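Engineer: Mind having a look at this structure? Questions to follow.
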Amino acid sequence: TQSTWGSIFRLVAMELPPSKVLHARNLAPTTEANDLRQFAASFGNVAYVVMLPKYKQALIEMGDAAQASAVIQYSRSAPINIRGSDVAFSFSKSQDIKRTEVSQTNGVTESSQEHNGEHILLLTIINPLYPIDVTVLNSIMSPYGKVQRIVIFHKNGTQALVEFELPESAVRAKQLLDGKDIYDGCCTLRIAFSRVERLNVRYNTDKTYDYTNPTLPTQPPPSNDPYSAMLPPSMYQQPLYPPMAPMAQMPGMQGMAGMQAMGMQGMMGPVHSVAGSVLMVYNLPAENCTCDKIFNLFCLYGNVSRIKLLTGKPGSAMVQMFDKMQSDQAMQNLNKLLIDGKQELTITFSKHPYIADNRAIFVDGNVEDSSDPNPICKDYTNSPCNRFLRQGSLSYKHIYHPTQILFFSNVAPSSTEQTLKDFLTSLQLELPIRMKFFQISSSPKRTGLLEFASVTAAALTVFHANNQRVDGHTIKLAFSTNSLN
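If you want it as structure tokens, here you go:
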């Protein structure tokens with residue numbers, strides 16, 4: 001039975017010594033290497049994947065043993081379902097994956113199991129804190145070969161298809177760019193081969209472009225949409241993109257360091273009417289669900305502008321982020337999260353460009369209208385609890401998929417384990433199984449880690465306890481991939 005297999009896998013994982021190589025078992029026949037990459041990428045750098053379809057297994061080489069251990073710890077807390085099958089993870093007997101049974105194409109290692117002559121790449125942009133358009137992608141991809149067409153879409157977050165003229169170009173780009181950041185600490189590329197034979201492009205825009213036919217008609221640029229008139233002029237005077245990240249040091253990319261001078265707009269501030277920035281959220285805990293509690297969860301993945309409860313649909317809400325990139329980020333990390341042990345969150349894009357409700361309560365610093373303690377609509381544009389208001393904030397580098405470990409900060413120097421236990425007990429929350437405090441010399445306030453028995457328990461704690469007052473301080477919670485060992 002499946003439970004018997006689960007026990008065997010856990011026993012194997014306990015007996016084998018730590019390794020940066022993971023052994024994945026019980027894969028569905030349709031599972032692809034990119035499915036495993038996308039899952040494991042939440043825990044660190046995925047260096048290599050070898051599929052073993054005959055045995056329904058795979059080997060995944062992480063950046064180090066700690067990252068591999070984080071995957072195994074996460075898999076023990078909840079079933080990891082990929083393509084309809086609960087996948088079991090354990091350490092491999094190998095300390096690395098031997099790359100001997102591969103062919104060489106212009107000095108680039110190519111796995112015959114992953115590439116069959118395809119010349120189109122599927123790009124998934126993880127943590128897309130800055131806008132991605134065809135100009136950015138073409139500049140990144142063209143050093144490896146002639147790019148014919150690019151199509152950017154938002155089916156599962158921010159994704160793109162890039163069509164090269166030659167398969168060899170696609171192979172080289174995938175091998176050298178997979179896992180790299182476009183910008184420092186964000187916009188990480190996850191690349192797989194696509195089985196699409198040819199991209200059909202009808203318009204040359206910032207999202208689709210046919211470089212073999214530059215005379216195609218263009219659509220009106222985004223700045224001409226009817227909602228842009230609602231934005232204050234100062235929003236078009238923000239700094240340009242941050243400098244390109246480690247891309248400048250990649251093979252063939254030495255000339256990319258000056259891309260910030262290309263005239264591309266950077267991450268704008270509070271945007272009140274940007275198409276694609278509003279999310280529809282379903283299956284929230286219906287009991288005691290408030291705008292603030294929803295904010296507690298979504299503020300981990302971007303700046304929240306406004307939240308509205310749908311009174312006719314208990315457990316449902318609209319969430320407006322500052323821009324489309326941040327709503328992508330929230331959807332990628334929170335969609336299908338099991339938060340109350342009953343139903344997974346379902347998150348989709350709304351057709352509305354912004355949330356309009358004249359009953360909204362405005363949060364400004366620590367002052368807000370207290371006539372209704374739980375309003376159905378709140379505006380958080382000026383809330384100090386938004387964590388990404390400052391460009392270059394360290395918060396950008398600590399965005400993780402939900403895990404069973406929470407990082408806490410801004411706790412009073414006098415706080416103890418018992419203080420936090422009493423605080424969580426007062427909210428009727430499950431207590432962590434382990435707790436660890438840290439003391440940062442530059443700050444009198446304390447930080448630490450909380451390890452829960454499951455991801456669901458950790459997520460529910462964020463939902464109810466994040467941004468609450470503990471001993472006169474506002475506690476800050478976030479998911480973490482660190483270990484308490």
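For the record, in the sequence shown the residue sitting at position 476 is 476 according to my numbering, with numbers rising by one throughout.
Here a beta-carbon is modelled for each residue, glycine too, at the ideal position from N, C-alpha and C.
Quantities reported herein were computed from a predicted structural model and do not represent experimental measurements.
(1) Residues in its own chain within less than 8 Å of Lys445 by CB, not counting five upstream and five downstream?
(2) Taking just the CA atoms, how far does Gln332 sit from Asp379?
(3) With distances taken between CB atoms, is the gap from Met141 to Ile150 smaller than 9 Å?
(4) Go through the segment 121-207 residue by residue and report every complete run of the alpha helix (DSSP H) that reaches 4 residues or more, in order.
(5) Verify whether the separation of the beta carbon atoms of Ile125 and Leu189 is less than 9 Å.
(6) Using a 10 Å radius around the Cβ and a threshold of 16 neighbouring Cβ atoms, would you call Thr208 buried or exposed?
(7) Please return the same chain residues whose Cβ sits closer than 8 Å to the Cβ of Ala458, not counting the five positions on each side in sequence.
(8) Helix, strand or coil for Thr381, going by three-state DSSP, please let me know.
(9) Of the residues Lys342, Met325, Thr348, which one's Cα is nearest the Cα of Asn335?
(10) With DSSP as the reference, label Thr491 as helix, strand or coil.
(11) Pairing CB atoms from the segment 74-87 with CB atoms from the segment 16-34, are three or more of them under 8 Å?
(12) Can you tell me which of the three DSSP states Ser316 falls into?
(13) Please check the pair Thr481 and Phe43, which I expect to be a contact at CB under 8 Å, by giving their CB distance rounded to whole angstroms.
(14) What separation, rounded to the nearest whole angstrom, lies between the Cα atoms of Asp225 and Ile132?
(15) Spell out the partners DSSP gives Phe362 in its beta bridges.
(16) Starting from the Cα of Asn200, find the closest Cα among Asp210, Phe193, Ser194, Ile191 and give me that residue.
(17) Just mark Glu163 as buried or exposed, buried being the case when its beta carbon has 16 or more other beta carbons within 10 Å.
(18) On a CA-only basis, which of Ser77, Asn382, Gly276 is nearest Gly341? Give me that one, please.
(19) Just the C-alpha distance for Ser350 and Leu279, rounded to the nearest angstrom, thanks.
(20) By a C-beta neighbour count over all protein chains shown, 10 Å radius and 16 as the cutoff for buried, is Leu460 buried or exposed?
(21) Quick check on Leu460: does DSSP put it in helix, strand or coil?
(22) Tell me the DSSP bridge mates of Lys476?
(23) Nearest-angstrom Cα distance between Arg469 and Gly312?
(24) Suppose you measure from the CA of His154 to the CA of Asp35; what does that come to, to the nearest Å?
(25) For the putative contact between Gly145 and Glu165, defined by C-beta atoms under 8 Å, what is the C-beta separation to the nearest angstrom?
(26) Would the C-beta of Ala412 count as close to the ligand HEM, meaning under 8 Å from any of its heavy atoms?
(27) What is the C-beta distance between Ala160 and Leu123, in whole angstroms, given that I count them as a contact (C-beta under 8 Å)?
(28) What three-state label does DSSP hand Ser350 in the structure shown?
(29) In this structure, how does DSSP classify Asn213 when only helix, strand and coil are distinguished?
(30) Using DSSP with H/G/I as helix, E/B as strand and the rest coil, what is His23?
(31) Using DSSP with H/G/I as helix, E/B as strand and the rest coil, what is Glu417?
(32) Would you decide whether Tyr400 is buried or exposed? Buried here means 16 or more other CB atoms lie within 10 Å of its CB.
(33) What's the C-alpha gap between Val21 and Ala192?
(34) Between Ala41 and Gln73, what straight-line distance do the alpha-carbon atoms span, to the nearest angstrom?
(35) Residues in the same chain with beta-carbon distance under 7 Å from Leu337, minus the five sequence neighbours each way, listed in chain order, please.
(36) Helix, strand or coil for Thr218, going by three-state DSSP, please let me know.
Structural biologist: If we stick to the structure as given:
(1) Non-local beta-carbon contacts of Lys445 in its own chain, meaning distances under 8 Å to residues more than five positions away in sequence, involve Ser409, Asn410, Val411, Ala412, Pro413, His473 in chain order.
(2) The straight-line gap from Cα to Cα measures roughly 23 Å.
(3) Result yes, Cβ atoms of Met141 and Ile150 sit closer than 9 Å.
(4) Counting only runs of 4 or more residues that sit fully inside the segment 121-207, the alpha helix (DSSP H) segments are 134-141, 167-177, in chain order.
(5) In contact: Ile125 and Leu189 (Cβ atoms closer than 9 Å).
(6) The residue is buried, with at least 16 neighbouring Cβ atoms inside 10 Å.
(7) Within its own chain, the residues whose Cβ lies closer than 8 Å to the Cβ of Ala458, once the five positions on either side in sequence are excluded, are Pro402, Thr403, Gln404, Ile405, Leu406, Leu450, Phe452, Phe479, listed in chain order.
(8) Strand, per DSSP.
(9) Residue Thr348 holds the alpha-carbon nearest to the alpha-carbon of Asn335 among Lys342, Met325, Thr348.
(10) Nothing in the structure corresponds to residue 491, since the chain is present only between 1 and 485.
(11) Touching, yes.
(12) Ser316 falls in the coil class under three-state DSSP.
(13) Rounded, the Cβ-Cβ distance is 6 Å, consistent with contact.
(14) Residue placement at Asp225 cannot be trusted, given a pLDDT of 37 that sits under 50; what the coordinates show is reported in the next sentence. C-alpha separation (whole angstroms): 18 Å.
(15) Note: Phe362 sits in a beta bridge opposite Asp379.
(16) Comparing Cα-Cα distances from Asn200 to each of Asp210, Phe193, Ser194, Ile191, the minimum goes to Asp210.
(17) Burial call: buried.
(18) The candidate whose alpha carbon is nearest that of Gly341 is Ser77.
(19) Computed Cα separation, rounded: 5 Å.
(20) Looking at its Cβ environment, which holds 16 or more other Cβ atoms inside 10 Å, Leu460 is buried.
(21) Assigned with DSSP and collapsed to three states, Leu460 falls in helix.
(22) Answer is Ser409, bridged to Lys476.
(23) The alpha-carbon separation between Arg469 and Gly312 amounts to approximately 31 Å.
(24) Their Cα atoms are separated by approximately 17 Å.
(25) About 6 Å; that satisfies the 8 Å criterion.
(26) Of ligands this structure carries none, so the ligand HEM is not represented either.
(27) Indeed they touch by this definition, with Cβ atoms about 4 Å apart.
(28) Assignment of Ser350 by DSSP, reduced to helix, strand and coil, places it in the coil class.
(29) It is coil, neither helix nor strand.
(30) The three-state secondary structure of His23, taken from DSSP, is strand.
(31) It is helical.
(32) Using a 10 angstroms sphere on the CB of Tyr400, the tally of other CB atoms reaches 16 or more, which defines it as buried.
(33) One alpha carbon belongs to Val21, the other to Ala192, and they sit about 20 Å apart.
(34) In a straight line, the C-alpha of Ala41 is about 15 Å away from that of Gln73.
(35) Counting only residues of its own chain and dropping the five nearest sequence neighbours on each side, Leu337 has a CB closer than 7 Å to the CB of Glu344, Leu345, Pro402, Ala459.
(36) DSSP places Thr218 outside both helix and strand once states are collapsed to three, so it counts as coil.
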